[in-house]
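2 protein chains.
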Amino acid sequence: MSGIQKVVVAGGGVLGSQIAFQSAYTGHDVTIWLRSEGSIGRCRPKLDMLRGAYHEAIEDMRGAKGEDDPAWCAGISDFEGFDADACDRRVDQAYESLVLELDLAKAVRDADLVVECMAEVADQKSAFFSKLAPLMPQKTIVVTNSSSLLPSQFTKVVGRPDRYLALHFANSIWKHNVAEVMVQDQTSQDSFAAVTEFARSIRMIPLPVKKEKAGYLLNSQLIPWLLSGLDLYANGISDPRSIDIAWTMGTGAPKGPFQVFDTVGLTTAYNIVEQYQRVPGIATPLLRKMMLPYNFKGMERVLKEYIDAGKLGRSAGEGFYKYDKNGNVVE
Amino acid sequence: MSGIQKVVVAGGGVLGSQIAFQSAYTGHDVTIWLRSEGSIGRCRPKLDMLRGAYHEAIEDMRGAKGEDDPAWCAGISDFEGFDADACDRRVDQAYESLVLELDLAKAVRDADLVVECMAEVADQKSAFFSKLAPLMPQKTIVVTNSSSLLPSQFTKVVGRPDRYLALHFANSIWKHNVAEVMVQDQTSQDSFAAVTEFARSIRMIPLPVKKEKAGYLLNSQLIPWLLSGLDLYANGISDPRSIDIAWTMGTGAPKGPFQVFDTVGLTTAYNIVEQYQRVPGIATPLLRKMMLPYNFKGMERVLKEYIDAGKLGRSAGEGFYKYDKNGNVVE
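Protein chains in written order, with the working numbering: chain A, 1 to 331; chain B, 332 to 662.
Put into structure tokens, the structure is as follows:
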């Protein structure tokens with residue numbers, strides 16, 4: 001047992017709503033704190049959608065051959081002892097049990113854990129943490145789900161350095177059930193252990209990150225790889241298709257770097273290239289130095305050409321590849 | 332048509348024998364030049380083994396559902412019009428047709444293409460090329476299959492800069508049918524086109540590398556990724572299993588960096604770390620600079636600990652993971 005039962009998720013965006021839903025699904029008391037009636041109006045359809053997505057996933061899991069089956073969602077159930085009807089009931093119970101709250105003081109009054117899922121804007125996070133700090137009871141642990149901002153940036157304003165760390169999720173957490181648990185310098189072992197146990201209790205595989213690291217474990221590997229592929233193209237060494245084939249045929253991975261760029265969108269790709277050069281605090285000094293010798297100007301030029309031509313990636317019908325209306329590559 | 336019919340493969344090692352076999356299988360006149368009777372004795376069993384491997388692959392292909400089927404070997408046949416019996420006959424014809432030759436002058440007398448597959452030792456390659464240079468007719472194109480040495484290192488000794496480039500294969504080329512075609516500064520467009528067409532004629536997907544690049548397309552992506560994973564462990568940020576899970580769950584790839592290290596062997600991993608720091612000429616200046624801020628000392632320490640303990644990777648039964656006698660992970 002993690003000792004964490006009462007969970008407050010601050011922010012009802014894509015991941016906030018998923019984390020709230022998954023926590024409720026696994027039997028926690030969950031409140032979603034939202035800033036305004038407008039936020040409530042945007043959050044409710046996400047929860048409706050999630051209820052549907054969980055039910056659909058459970059339906060697909062009925063036909064699965066094992067945990068390795070692509071349809072299997074380890075966030076929903078173990079393969080052994082899978083009871084689809086019981087899972088369906090838990091989904092509806094989770095949906096009914098979620099509390100949406102505008103009053104932050106009321107929301108966090110007895111919270112064991114606050115999961116910060118606000119927009120990735122440093123000022124907004126700071127403002128939220130300063131408002132939050134005086135309202136929490138002594139026991140509350142605070143985690144941030146930020147992908148791109150280092151938790152240490154907010155330690156002071158959170159005001160309880162030993163009970164503050166990062167808990168970072170993938171998208172579609174009922175299926176991609178990993179959670180990176182990352183400390184900042186002052187996080188206590190107890191808080192780290194409690195959050196790790198909490199991650200397990202909501203059916204995530206906890207991945208420990210024992211020192212603060214920009215990019216956690218996944219992006220720390222993903223970005224050097226993506227940029228190494230883009231660098232080959234920007235320097236005229238080869239073309240996107242050939243670079244992708246070299247990777248997919250050479251490693252058995254489903255996608256090469258340009259297929260990933262098309263999936264996440266070229267605007268995001270451009271932002272990654274920009275951020276890793278400029279914004280202080282996003283990359284560790286090590287990561288920034290490592291990236292600098294890349295031909296960033298060339299990468300920006302390539303991406304900008306595509307973006308200016310409206311080739312924004314798969315969702316726009318064209319990026320480095322062309323897609324039909326079902327999102328399959330044509331040509 | 333590539334205009335390349337008479338092929339000489341210099342060296343009968345793992346890749347030399349595969350390239351020779353595949354070229355013969357696709358109807359080329361192939362001679363394998365070997366340095367000594369001892370080399371012939373080591374090469375013959377490889378060719379016997381390849382004949383068996385091709386026949387087995389063809390047998391497995393009979394049950395395949397399409398080109399995406401894992402059993403399909405695109406180096407052996409297209410899916411449409413696949414005729415297993417005809418393929419089997421071509422395998423036996425290829426095997427019978429291969430000429431093993433000790434006399435280099437005789438071997439290359441009328442060669443359209445010489446494929447250099449000697450050991451990855453610069454002095455040995457230089458010695459071979461100086462011996463080869465005066466023996467070839469005007470028309471012969473020379474390619475090197477070197478993975479780790481840049482072709483430009485040998486341009487002078489090869490002596491025909493316009494007809495000299497690199498052609499780099501993956502292992503098990505009948506299945507992993509890609510070939511990186513890489514120029515050096517002085518390679519002519521005609522030679523590049525002829526070798527690209529030759530690659531196609533032996534059923535490889537040619538991947539153009541239009542400027543000389545250490546690591547070609549695959550290793551240029553693979554090494555930054557592998558080192559980014561190892562760096563996380565060397566710096567105490569997380570453990571091999573968690574770093575691997577972050578990658579495989581996050582990208583859908585079959586293996587994380589430590590699973591790849593265990594597969595290629597930790598001694599090879601150690602050599603990669605060593606080479607990218609020290610040996611001049613292996614990495615481009617760009618790549619060397621890019622790598623330097625990594626914690627190489629830490630990486631070496633980690634790998635050396637495992638190697639000294641006999642944990643050399645999967646083939647040794649233990650590396651970063653433990654394996655049973657079938658090569659499956661235990662624990």
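For each residue, glycine too, the CB sits at the ideal point set by N, CA and C.
TODO: Could you say if the stretch 455 to 470 of chain B and the stretch 393 to 407 of chain B meet the contact criterion of at least three C-beta pairs nearer than 8 Å?
DONE: When C-beta atoms of the stretch 455 to 470 of chain B are compared with those of the stretch 393 to 407 of chain B, fewer than three pairs fall below 8 Å, so the two segments do not count as touching.
Task: Every unbroken alpha helix (DSSP H) within the stretch 342 to 390 of chain B, with a cutoff of 4 residues, ordered by chain - done: The qualifying runs are 345 to 356.
- [ ] Consider the Cβ of M249(A): report whether some Cβ of chain B lies at a distance smaller than 8 Å.
- [x] Residue 249(A) sits at position 249 when you count from the first residue of the first sequence. With respect to chain B, the C-beta atom of M249(A) has a partner C-beta closer than 8 Å.
Open item on the list: Contact between the stretch 582 to 597 of chain B and the stretch 530 to 547 of chain B is defined here as three or more beta-carbon pairs at a separation below 8 Å; is this criterion met?
Closed with: Short answer: they don't touch.
Open item on the list: Assess contact between the stretch 521 to 530 of chain B and the stretch 547 to 555 of chain B, defined as three or more Cβ pairs (one per stretch) separated by less than 8 Å. Is contact present?
Closed with: Between the stretch 521 to 530 of chain B and the stretch 547 to 555 of chain B, the count of C-beta pairs closer than 8 Å stays below three; the two stretches do not touch.
TODO: Run the CB neighbour count on N171(A), radius 10 Å, all protein chains shown included, and call it buried at 16 or more, exposed below.
DONE: Here residue 171(A) is taken as the residue at index 171 of the first sequence, counted from 1. Exposed, since its Cβ has fewer than 16 Cβ neighbours within 10 Å.
Open item on the list: Quick check on P280(A): buried or exposed, where buried means 16 or more other Cβ atoms within 10 Å of its Cβ?
Closed with: Residue mapping note: residue 280(A) aligns to position 280 of the first sequence, counting from 1. With a pLDDT of 40 at P280(A), under the threshold of 50, the predicted position of this residue should be treated as unreliable, and no value is reported.
Task: Local Cβ density within 10 Å of V345(B), reported as buried at 16 or more and exposed below that - done: Here residue 345(B) is taken as the residue at index 14 of the second sequence, counted from 1. V345(B) should be labelled exposed.
Open item on the list: Using the three-state DSSP reduction, which class does L481(B) fall into: helix, strand or coil?
Closed with: Counted from its first residue, the second sequence places residue 481(B) at position 150. For L481(B), the secondary structure class from DSSP, reduced to helix, strand or coil, is coil.
Task: Paired residues, beta bridge with A179(A) - DSSP - done: Position 179 of the first sequence, counted from the first residue, corresponds to residue 179(A). Looking at the DSSP assignment, A179(A) forms a beta bridge with F169(A) and P206(A).
Open item on the list: Which residues of the stretch 258 to 269 of chain A have a Cβ closer than 9 Å to any Cβ of chain B? Give them in chain order.
Closed with: Here the close residues are V260.
TODO: Put I76(A) into one of helix, strand or coil per three-state DSSP.
DONE: On the first sequence, position 76 is the one that residue 76(A) refers to. Note: I76(A) maps to coil in three-state DSSP.
Task: Where K337(B) sits in the DSSP three-state scheme - done: Taking the first residue of the second sequence as 1, we reach residue 337(B) at position 6. K337(B): strand per DSSP, three-state reduction.
TODO: Using a Cβ cut-off of 8 Å, pull out every chain A residue sitting near H507(B), in sequence order please.
DONE: Sequence index remark: in the second sequence, residue 507(B) carries index 176 (1-based). Chain A residues near H507(B): M249 and G250.
TODO: Tell whether a beta-carbon distance below 8 Å holds between G313(A) and T263(A).
DONE: Position 313 of the first sequence, counting from 1, holds the residue named residue 313(A). Position 263 of the first sequence, counting from 1, holds the residue named residue 263(A). Yes, they are a contact pair.
- [ ] Return yes when the Cβ of L113(A) is within less than 8 Å of the Cβ of V7(A), no when it is not.
- [x] Here residue 7(A) corresponds to residue number 7 of the first sequence, with the count starting at 1. Here residue 113(A) corresponds to residue number 113 of the first sequence, with the count starting at 1. Result yes, Cβ atoms of V7(A) and L113(A) sit closer than 8 Å.
Task: Cβ-based contacts, 7 Å cut-off: residues of the stretch 376 to 409 of chain B near chain A - done: Answer in chain order: no residues at all.
Open item on the list: Could you check whether D493(B) and S477(B) sit closer than 8 Å to each other, using their CB atoms as the reference points?
Closed with: Translated into positions along the second sequence, residue 477(B) becomes position 146. Translated into positions along the second sequence, residue 493(B) becomes position 162. No, the pair does not count as a contact, with Cβ atoms beyond the cut-off.
- [ ] Identify every residue that forms a DSSP beta bridge with Y323(A).
- [x] The residue you call residue 323(A) lines up with position 323 of the first sequence. Answer is V329(A).
Open item on the list: Determine whether the beta carbon atoms of G379(A) and I32(A) lie at a separation below 8 Å.
Closed with: What is shown of chain A runs 1 to 331, which leaves residue 379(A) out entirely.
Open item on the list: Excluding the 5 residues flanking E631(B) on each side, which residues of the same chain have their C-beta closer than 8 Å to its C-beta?
Closed with: Position 300 of the second sequence, counted from the first residue, corresponds to residue 631(B). Cβ within range, chain order: Y601, V604 and E605.
Open item on the list: Please state whether the Cβ-Cβ distance between C448(B) and V340(B) is less than 8 Å.
Closed with: Sequence index remark: in the second sequence, residue 448(B) carries index 117 (1-based). Sequence index remark: in the second sequence, residue 340(B) carries index 9 (1-based). Between C448(B) and V340(B), the CB-CB gap stays under 8 Å.
- [ ] Rounded to whole angstroms, what's the CA-CA distance from S39(A) to V302(A)? Just pull it up for me.
- [x] Numbered from its first residue, the first sequence carries residue 39(A) at position 39. Numbered from its first residue, the first sequence carries residue 302(A) at position 302. S39(A) and V302(A) have their C-alpha atoms roughly 37 Å apart.
Task: Contact set between the stretch 188 to 217 of chain A and chain B, restricted to residues whose Cβ is under 7 Å from the partner - done: Answer in chain order: I205, L207, P208, V209, K210, K211, K213 and L217.
Task: Rounded C-alpha distance that separates K470(B) from R491(B) - done: Residue numbering aside, residue 470(B) sits at position 139 when the second sequence is read from its first letter. Residue numbering aside, residue 491(B) sits at position 160 when the second sequence is read from its first letter. One alpha carbon belongs to K470(B), the other to R491(B), and they sit about 10 Å apart.
Open item on the list: I'd like to know whether the C-beta of N476(B) is nearer than 8 Å to at least one C-beta of chain E.
Closed with: Within the model displayed, chain E is absent; protein chains A and B are what it includes.
Open item on the list: What does the alpha-carbon distance come out to for the pair L149(A) and M182(A)?
Closed with: Counting from one through the first sequence, the residue named residue 149(A) turns up at place 149. Counting from one through the first sequence, the residue named residue 182(A) turns up at place 182. Straight across, the Cα-Cα distance linking L149(A) with M182(A) is about 12 Å.
Task: Residues bridged to I223(A) [DSSP beta-bridge criterion] - done: Here residue 223(A) refers to the residue found at position 223 of the first sequence. Its beta-bridge partners do not exist; DSSP assigns none.
Task: N-terminal and C-terminal residue of the beta strand (DSSP E) that L444(B) is part of - done: What you label residue 444(B) is simply residue 113 of the second sequence in a count that begins at 1. Start and end: L444 to E447.
Open item on the list: Using CA atoms only, rank isn't needed, just tell me which of I173(A), Y25(A) and F154(A) is closest to E96(A).
Closed with: Numbered from 1 along the first sequence, position 96 holds the residue referred to as residue 96(A). When only C-alpha atoms are compared, the closest one is Y25(A).
Open item on the list: One question on the structure: do L549(B) and A246(A) come within less than 8 Å of each other, judged by their Cβ atoms?
Closed with: In the second sequence, the residue the question calls residue 549(B) occupies position 218. In the first sequence, the residue the question calls residue 246(A) occupies position 246. In contact: L549(B) and A246(A) (Cβ atoms closer than 8 Å).
Task: Proximal residues to S483(B) (C-beta, below 7 Å), its chain only, five neighbours per side dropped - done: Working through the second sequence from its first residue, we reach residue 483(B) at position 152. Same-chain partners within the cutoff: Q515, D516 and E543.
Task: Chain-ordered chain B contacts of P254(A) [CB-CB under 8 Å] - done: Mapped onto the first sequence, residue 254(A) falls at position 254. Within chain B, T582, G583 and A584 have C-beta atoms less than 8 Å from the C-beta of P254(A), given in sequence order.
- [ ] Determine, using beta carbons only, whether V474(B) and V509(B) come nearer to each other than 8 Å.
- [x] Here residue 474(B) corresponds to residue number 143 of the second sequence, with the count starting at 1. Here residue 509(B) corresponds to residue number 178 of the second sequence, with the count starting at 1. No, the Cβ-Cβ distance between V474(B) and V509(B) is not below 8 Å.
Open item on the list: Under 8 Å, with one C-beta from each stretch per pair, do the stretch 311 to 326 of chain A and the stretch 409 to 420 of chain B reach the 3-pair mark?
Closed with: The stretch 311 to 326 of chain A makes no contact with the stretch 409 to 420 of chain B: fewer than 3 CB pairs, one atom from each, lie closer than 8 Å.
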